[in-house]
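Participant:
In the numbering used here, the protein residues as written are 2 to 140.
1. Less than 9 Å separating the beta-carbons of residue 114 and residue 134?
2. Go to residue 99, then tell me how far its beta strand (DSSP E) extends in each direction, as first and last residue.
3. By Cβ distance below 7 Å, which residues in the same chain neighbour residue 61 in space, the five residues on each side in sequence not counted?
4. Note the first and the last residue of the continuous beta strand (DSSP E) segment covering residue 73.
5. Roughly how far, in whole angstroms, is the beta-carbon of residue 50 from the beta-carbon of residue 83, given that I think they are within contact range, below 8 Å?
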């Protein structure tokens, strides 16, 4: 009688371990049997991040391009989608954001900034002084 009770308890515990738990998904392994596995961190995380920031130039009116797309003249509010890149088994990184301001008057220079290196957030305001030109060497 004791052996039957012990066998029943062992059967209940082994059946409980075989039941799907919360957070687990059913995966097809390609064999005769289906498997149950944990969702990977990449499946749980968002594949992209949307960021909104403002581009301001001094003086205003410069043509603004972000990641090679025209967003109009400054000041302008921009929303970009940054994608996660890399192998999910290693630390992943976000795409960078390239902001360019093109001059509209003489005496101004093209201004460029790369933001979001090392998965950092793009600042809420990106400012460019259009008259801040690199000195040219010449005679």
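Note that beta-carbon positions come from the ideal geometry of N, C-alpha and C, so glycine has one too.
Facilitator: From the atom records:
1. At a Cβ-Cβ threshold of 9 Å, residue 114 and residue 134 do not count as neighbours.
2. 98-103
3. Excluding residues within five positions, the ones whose Cβ falls inside 7 Å are 75, 76.
4. 70-74
5. 5 Å
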